[in-house]
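Residue numbers (the numbering used here): 4 to 135.
Worksheet: one structure, shown below.
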């Protein structure tokens with residue numbers, strides 16, 4: 004299902020830029036996931052979620068959050084994100100049903116270090132929760 008908030012990302016100049024997650028070209032990295040292609044791995048979903056914080060796509064964050072822990076709204080304003088480092092990945096592959104991704108997300112006010120849990124439901128990865 005395509006994310007309505009991502010409609011403005013379909014222009015060629017938007018898709019040709021460097022992806023905020025550091026994974027290469029946005030049009031081949033997080034762009035397709037933001038437009039509805041399911042993430043194949045927990046790490047891909049985590050990277051796409053980081054990129055949505057950078058881009059301010061709160062609706063995408065809600066739709067990729069596990070239904071049992073999902074908030075009604077996610078506020079993406081007020082923080083300028085500056086980079087992402089993946090520290091560790093446990094499971095979360097294309098054939099797994101659960102995975103863990105540990106990362107450090109850098110922003111102008113400091114760093115967010117989190118170990119996030121992901122779960123696959125009906126063939127789609129969802130963010131479950133995380134510990135800082």
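Quick reminder that beta carbons are idealized off the backbone N, C-alpha and C, glycines included.
- Under the rule that a run must span 3 or more residues, the beta strand (DSSP E) segments found entirely inside the segment 34-118 read 84-94 and 101-110.
- Taking all protein chains shown into account, residue 51 has 16 or more neighbouring C-beta atoms within 10 Å of its C-beta and is therefore buried.
- In this structure, the straight-line span from the alpha carbon of residue 132 to that of residue 120 is close to 5 Å.
- At the C-beta level, residue 77 and residue 110 stay beyond 8 Å of one another.
- In the DSSP secondary-structure assignment, residue 130 is bridged to 68 and 121.
- At the C-beta level, residue 45 and residue 95 come within 8 Å of one another.
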